[in-house]
Every structure is written in C-alpha cells, then in structure tokens.
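Enquirer:
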Amino acid sequence: MRPYILGQLTRDLAAAVGSEHVSSDPRVVTEQATDWSWMSQYLSYRDLPLPTADVAVWPTTTEEVESVVRIASEYRVPVIPRGGGSGTQGGTFALYGGIAVDMTRMNRIIDIDETSLVATVQAGVDGAVLEKELNPLRLTLAHYPGSHHLGATIGGSLAARGSGVVSTKYGKAEDMVLQAEAVVPPGRRVRTLPIPSHAAGPDLLQTLVGSEGTLGLITEVAVRLDPLPKGRRFLSYRFDDVEDGLEAARRIMTKRVVPAAMRLYDEADSAKLTEMIDVGTDGVLLVIVLDGTDDTMMAVEHEAIAAECTNGSDLGRGPAESWWDGKYEPYRDGNAPAPPLLFGTTDTCARFVDLPRLYHAKKAAIEEGFAEYGARYTAHFSHWYPWGGMIYDRFYVDNPPEDPDEALALHDRLWDAAVHTSLANGGIINDHHGVGLKLGRFMRPQHGEAFELMLAIKHAWDPDGIMNPGKLGFGAPRAAAG
Ligand SMILES: Cc1cc2nc3c(=O)[nH]c(=O)nc-3n(C[C@H](O)[C@H](O)[C@H](O)COP(=O)(O)OP(=O)(O)OC[C@H]3O[C@@H](n4cnc5c(N)ncnc54)[C@H](O)[C@@H]3O)c2cc1C
C-alpha cells in the first residue's frame, strides 16, 4: 500500500479504535499473519517473509468492528480476522495486504444462563479461559481442541468448524452454537435467530459458521453448555488390524451408544503415541472414554460397548486412562511436529462403509506414491458420527528438499495426492481444521456446481471481495487501494 494511503488509513482506524490499538510495525503485522500451518512454520524457520497486512487493529466492541469494516470498505482494502492464531490452514495470511483484525480483546463473557445452559460471549474469548469460568458453576462448553493451550478462540473454532476431543458425545463447534452476531461489508451488523432450531427459512447461522472470515467477522455468539461430568469410565481394546477396530467402532456408534471420546490408532500412530504417553501397549489400539453425571447410566453403556468389542482383546482401563491424562501431550512443544520436518494433517471424514477403503487408499497414496522421499503415513480415527467417522491422518517427510521452492512444491504435491484420494473414496477435503489458503484449490472439486452458488453468496455479501481474500478458493479482492 502506498505510504500516503497507509498513513490516512491508519489515522482513520485510530479514530475508530484508539491509536494505541493500531499498529503497522512490521514485527506486529508478521505476528498477526503467523499461524500454525506448515507453510507459516516453514517460512519462519527459513527466515522467509510471510504475507502480512499493512496494519493491525484490536477492537473491543462490535461498534468498533463496524467502523473498521466501514473504513475497509471505503478504502477497498482487505480485512483479515484473527483469533488465537492457532489455525493450521494459512487462514491468517494477508495475501493482499490490508487490515488484520485481532479479535482477542473482544473477550467478554456477557451472560451465563444457568437455566437454559447457554453462554453468551464475545467471539474473541479464549476457549480455555471460558472453560475455567464455567467449571466452578459445574458447567462446561465441552470443546477441548488440541490447541486449547494455544489461545484458540470461540470465534476461530466456529469460523473453521472446529472439533474437540469429546466431540463424539458433545458435538463439533457448529453443533454448540445457538446464535451469532457478525459484521459484514460495508460495516453492517447482522444477528441470526436466538435459537438454531426453527422453520423460519434458510440457515444464515450455518452459512456464517465455517466461512473463515470470508463473509464477515463473527463478533458475539450464544453457545450451548453442558453439565460438567461427575465421573468417567475408561475402556481399552487391541485389534489384529484396523478393519476389526473400525468394525467395533461402527457397531458401537450404530447401536447409538455414544462415548465422550473414542480413538482408534493404526499401528504407526500407536507407536508414535507410545513415544509421548505411556499407554502400556502398542498395535491397533482403541481407547474409549465414557462420561456422565450418573454412574448407573455409564455402567450400562460400558457393558453395551464391551459386547461390541469381542473381536478384540480387552486391555482394561489402563491404556485409555493414560491416554486421557496425556491427551494434550502430542501437541506440546517438542512433541508437535515442526520444520525442517515436512508434514501435513490431511484429516477427512466419511461414512462407515467407505472408511476402511479410504484409509488404505490414503496410506498407499502417501507411502507408495512418495516412496522416493521416504514419506511416512500415520492415522487415528478420533471423531465419530451416527453414520461414520473421521480419519486424523498425517504425512511426514523426514528429509525434504533443501531448496524452499522445491520443499513447498513437494508439500503441495503430497496434499494433492491426499485430498484427491479422499475425494475419490467417499471422503471430504477436511473434517475440522477448515480450508483457509491451503485447501482453497480443492473447493471446486469438492463442491462441484454448488461451488458456483457459494461464490454467488460470497459476491452478494462481500461485493468488493475484501473479507479474508484468497481463502476458501474465493479468489482475490475485486479492487484494492494503490
Ligand atoms: C497443536 C494444534 C492442535 C490443534 N488441535 C485442534 C483440534 O483438536 N480441533 C480443532 O478443531 N482444531 C485444532 N487445531 C486448529 C485450530 O486450533 C483451530 O482451527 C481453531 O479453531 C482456530 O481458532 P483460533 O482462534 O486460533 O483462530 P485463528 O487461527 O486466529 O483463525 C482461523 C481462521 O478463522 C478466521 N477467524 C478467526 N476468528 C474469527 C472471527 N471472530 N470471525 C470470523 N473469522 C474468524 C481467521 O481469519 C482464520 O481464517 C489445532 C491447532 C494446533 C496448532
């Protein structure tokens, strides 16, 4: 952006949010663009520049967000929302410059309705902080992503359709939201209905959810709460192969017994898990956690699950309990993968009927398709639905090419192979990490003709294309200030 325009824009933003809440310091805008995607980590590791905004702002109220979007619309410059920056898809990259809007000062817990079990919060509230406020009231949001310790916000979780460790019982972020308030171009506040179950026409709430800032900024939400469980039960099984484990999981879910968490590790991932958590076993491992406020009910569920796992060996409560206690270990510094390792989490989701084929096809696409690079593949199945489940799988290349262009190109090729294999075998491009920049190029193959309708919605909501441009495959802004 030309210095004169940037100066004027900065002054207008300062008038809207206060000059102490505006910065165009290169270090600050770089921090705002950084996320946990491999691309971001790799560029930082190699000391290469990230695509940054020209200026960053920290609003505290919806009125201030309205002013920021109004100013952005007048200048026709991009707006890039940022929550905790724990996203993994390059969603906070400012590909066309513009204004980074850091939502973390919008962190007010507005209301906790203990009668209906509903909390109303500003969208920038840190999920872990909200949880700490709820637990003394014997309440929980029950959204515990692996990034709980990294400042992931409620707005960010909704924007990217996130999922926590107990999603099988309590649902994904999009199942927890009742109502959202958002600011859309050219600075207009919209509010969805107070409740999500209605017959009052199409669902704007679920259009905003998952839009990753490309339609507007989510500023406030009402979310469903649950009673904090009084107890937990732990069950563990080992199977001869992934098929047997999947069959047990399918029987449990289609019998409509719903564990809080159920994870099936393939052999490679189970070996990796034991490096971080002493689960006391290896091989194809199924760990199950039941929770609730009534032990009699859990005892019945326990028995029903045991009856569906007779094709495996019962390992008792030990491995599952150790897994639960150490569940954040794989995400901690030193345990989480990091460059120079080349890696990607290519999670997908499918019906039960497709899961075994999908798993084997993806494993082959990575390990056989990229044998010359020694590519490795690991997988666990961790979020379950009444009709199927998700595969949390990863590729790794231990010794990627030294040249950054070649390393980035190889990363893209591995993603192409993984995603096209998912699409060809009944899977989808992503289960709960969102699309961002990384998966934008797969949106058209994923949605087919329906993608043109999505583009039409995008153009109607955001005619200048200023909202988080370059994400979700929606393309560049339509016009930009010089
Ligand atoms: C170690 C690790 C473990 C993880 N584990 C999980 C997991 O278990 N489950 C899971 O779902 N995810 C997980 N993630 C991914 C990430 O934490 C989630 O995507 C999270 O929901 C992002 O929230 P955030 O506030 O950090 O958003 P950001 O990273 O700041 O933003 C993500 C996207 O949402 C947009 N956005 C953010 N806030 C808003 C808003 N208020 N309005 C509109 N758009 C907005 C941004 O522009 C961006 O495109 C993990 C990430 C890491 C690094």
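Be aware that the sequence shown starts at 51, since it is given in this note's numbering, and climbs by one per residue. Note that CB positions come from ideal geometry on N, CA and C, so glycine has one too.
#1: Would the beta-carbon of L391 be found less than 6 Å away from any heavy atom of ligand 1?
#2: How about A83 and A144: are their beta carbons less than 7 Å apart?
#3: With a 10 Å radius around its C-beta and 16 neighbouring C-beta atoms as the bar for buried, classify L98 as buried or exposed.
#4: Leaving aside the five residues before and after P519 along the sequence, list all residues of the same chain whose C-beta is less than 6 Å from its C-beta, in chain order.
#5: I'd like the ranges of any beta strand (DSSP E) spanning at least 3 consecutive residues and lying wholly in the stretch 415 to 455.
#6: Helix, strand or coil, according to DSSP, for P389 in the structure here?
#7: Helix, strand or coil: which one does DSSP assign to S363?
#8: Would you say A370 and I338 are within 7 Å of each other, going by their C-beta atoms?
#9: Can the beta-carbon of I204 be found less than 7 Å from the beta-carbon of A173?
#10: In whole angstroms, what separates the C-alpha of M51 from that of T60?
#11: Count Cβ pairs between the stretch 317 to 330 and the stretch 399 to 408 that sit closer than 8 Å; are there 3 or more?
#12: Do L167 and L243 have their beta-carbon atoms positioned less than 7 Å apart in this structure?
#13: Figure out for me which residue from Y194, S247, T264 has the closest Cα to the Cα of A223.
#14: Alpha carbons only, please: which of G333, R306, A388 is nearest the one belonging to E351?
#15: Classify R188 as buried or exposed, calling it buried when 16 or more other Cβ atoms lie within 10 Å of its own Cβ.
#16: For a quick check, are the C-beta atoms of G137 and D85 less than 7 Å apart?
#17: Are the Cβ atoms of D397 and Y442 separated by less than 7 Å?
#18: Can you name, in chain order, every residue of its own chain whose Cβ lies under 7 Å from the Cβ of R239, other than the five neighbours on each side?
#19: When DSSP builds the beta bridges, which residues end up paired with I479?
#20: Is P534 near ligand 1, going by C-beta to nearest heavy atom under 6 Å?
#21: Looking at the structure shown, is Q139 part of a helix, part of a strand, or coil, going by DSSP?
#22: Quick one: Cα of F501 to Cα of R288, how far?
#23: If V107 and V72 are in contact, beta carbons under 8 Å, what's the gap, nearest whole angstrom?
#24: So, are the CB atoms of F140 and L487 less than 7 Å apart?
#25: Determine which residues share a DSSP beta bridge with M504 and list them.
#26: When you compare the CB positions of T218 and W437, do they come within less than 7 Å of one another, or not?
#27: Using the beta-carbon count (16 or more within 10 Å), is D104 buried or exposed?
#28: Given 6 Å as the limit, tell me if P527 has its C-beta closer than that to any heavy atom belonging to ligand 1.
#29: Give a single yes or no on whether S197 has its beta carbon closer than 6 Å to a heavy atom of ligand 1.
#30: What does the Cβ neighbour count give for D481, buried or exposed, with the cut at 16 atoms within 10 Å?
#31: Using the C-alpha atoms, what's the distance from R444 back to G532?
#32: Assuming L392 and V447 form a contact by the criterion Cβ under 8 Å, report the distance between their Cβ atoms to the nearest whole angstrom.
#33: Return the chain-ordered list of same chain residues with a C-beta closer than 7 Å to the C-beta of T331, the five sequence neighbours on each side being excluded.
#34: By DSSP, does P369 sit in helix, in strand, or in coil?
#35: Where DSSP assigns a beta bridge to I338, which residues make up the other side?
#36: Ligand 1 heavy atoms versus the CB of A230: any closer than 6 Å?
Expert: Reading from the atomic positions:
#1: The sequence position of residue 391 within the sequence shown is 341, counting from 1. Checking the Cβ of L391 against ligand 1 gives no.
#2: For the purposes of this step, residue 83 is taken as the residue at position 33 of the sequence shown. For the purposes of this step, residue 144 is taken as the residue at position 94 of the sequence shown. Result yes, Cβ atoms of A83 and A144 sit closer than 7 Å.
#3: On the sequence shown, position 48 is the one that residue 98 refers to. Label assigned to L98: exposed.
#4: Residue numbering aside, residue 519 sits at position 469 when the sequence shown is read from its first letter. Hits under 6 Å: P128, Y146, A526, P527.
#5: 426 to 435, 438 to 447
#6: Here residue 389 is taken as the residue at index 339 of the sequence shown, counted from 1. Correct three-state label for P389: coil.
#7: One-based indexing of the sequence shown puts residue 363 at position 313. Three-state result, S363: strand.
#8: The sequence position of residue 370 within the sequence shown is 320, counting from 1. The sequence position of residue 338 within the sequence shown is 288, counting from 1. In contact: A370 and I338 (Cβ atoms closer than 7 Å).
#9: Translated into positions along the sequence shown, residue 204 becomes position 154. Translated into positions along the sequence shown, residue 173 becomes position 123. Contact: yes.
#10: By 1-based counting over the sequence shown, the position of residue 51 is 1. By 1-based counting over the sequence shown, the position of residue 60 is 10. In a straight line, the C-alpha of M51 is about 12 Å away from that of T60.
#11: no
#12: For the purposes of this step, residue 243 is identified with residue 193 of the sequence shown, where counting begins at 1. For the purposes of this step, residue 167 is identified with residue 117 of the sequence shown, where counting begins at 1. No; because the gap between Cβ atoms is not below 7 Å, this pair is not in contact.
#13: As a working note, residue 223 is residue 173 in the sequence shown. The shortest Cα separation from A223 among Y194, S247, T264 belongs to Y194.
#14: Within the sequence shown, numbered from 1, the residue matching residue 351 stands at position 301. Cα-wise, what sits closest to E351 is R306.
#15: Taking the sequence shown and counting its residues from 1, the one referred to as residue 188 is at position 138. The residue is exposed, with fewer than 16 neighbouring Cβ atoms inside 10 Å.
#16: Taking the first residue of the sequence shown as 1, we reach residue 137 at position 87. Taking the first residue of the sequence shown as 1, we reach residue 85 at position 35. Contact: yes.
#17: Here residue 397 refers to the residue found at position 347 when the sequence shown is read from its first residue. Here residue 442 refers to the residue found at position 392 when the sequence shown is read from its first residue. Cβ atoms of D397 and Y442: closer than 7 Å.
#18: Within the sequence shown, the letter at position 189 stands for residue 239. The answer, listed in chain order, is T112, E116, E231, V233.
#19: Within the sequence shown, numbered from 1, the residue matching residue 479 stands at position 429. In DSSP, I479 forms no bridge with anything.
#20: Since the first residue of the chain shown is 51 and the last is 532, residue 534 is not available in this structure.
#21: In the sequence shown, the residue the question calls residue 139 occupies position 89. Note: Q139 maps to coil in three-state DSSP.
#22: Here residue 501 corresponds to residue number 451 of the sequence shown, with the count starting at 1. Here residue 288 corresponds to residue number 238 of the sequence shown, with the count starting at 1. CA-CA distance, F501 to R288, rounds to 42 Å.
#23: Along the sequence shown, one-based indexing puts residue 107 at 57. Along the sequence shown, one-based indexing puts residue 72 at 22. Correct: roughly 5 Å between the Cβ atoms.
#24: For this step, residue 140 is matched to residue 90 along the sequence shown. For this step, residue 487 is matched to residue 437 along the sequence shown. The sequence shown places Gly at residue 140, not Phe. Against a cut-off of 7 Å, the Cβ pair of L487 and G140 comes out as a contact.
#25: Numbered from 1 along the sequence shown, position 454 holds the residue referred to as residue 504. Partner(s): none; M504 has no beta bridge.
#26: Locating residue 218 in the sequence shown gives position 168, where the first residue counts as 1. Locating residue 437 in the sequence shown gives position 387, where the first residue counts as 1. Not closer than 7 Å, so no.
#27: By one-based count along the sequence shown, residue 104 stands at place 54. Buried, since its Cβ has 16 or more Cβ neighbours within 10 Å.
#28: In the sequence shown, counting from the first residue as 1, residue 527 sits at position 477. Checking the Cβ of P527 against ligand 1 gives no.
#29: Taking the sequence shown and counting its residues from 1, the one referred to as residue 197 is at position 147. Answer for S197: yes, Cβ within range of ligand 1.
#30: Taking the sequence shown and counting its residues from 1, one reaches residue 481 at position 431. D481 should be labelled buried.
#31: Indexing the sequence shown from 1 puts residue 532 at position 482. Indexing the sequence shown from 1 puts residue 444 at position 394. A caution first: G532 carries a pLDDT of 48, below 50, which makes its placement in the model too unreliable to give a value.
#32: For the purposes of this step, residue 392 is taken as the residue at position 342 of the sequence shown. For the purposes of this step, residue 447 is taken as the residue at position 397 of the sequence shown. The Cβ separation is near 4 Å, so the contact holds.
#33: Counting from one through the sequence shown, the residue named residue 331 turns up at place 281. Within the same chain, T331 has close Cβ partners R288, L365, P369.
#34: Stepping through the sequence shown from its first residue, residue 369 is reached at position 319. P369: helix per DSSP, three-state reduction.
#35: As a working note, residue 338 is residue 288 in the sequence shown. Looking at the DSSP output, I338 shares a beta bridge with L285, M312.
#36: If you number the sequence shown from 1, residue 230 lands on position 180. Incorrect: A230 has no Cβ contact closer than 6 Å to ligand 1.
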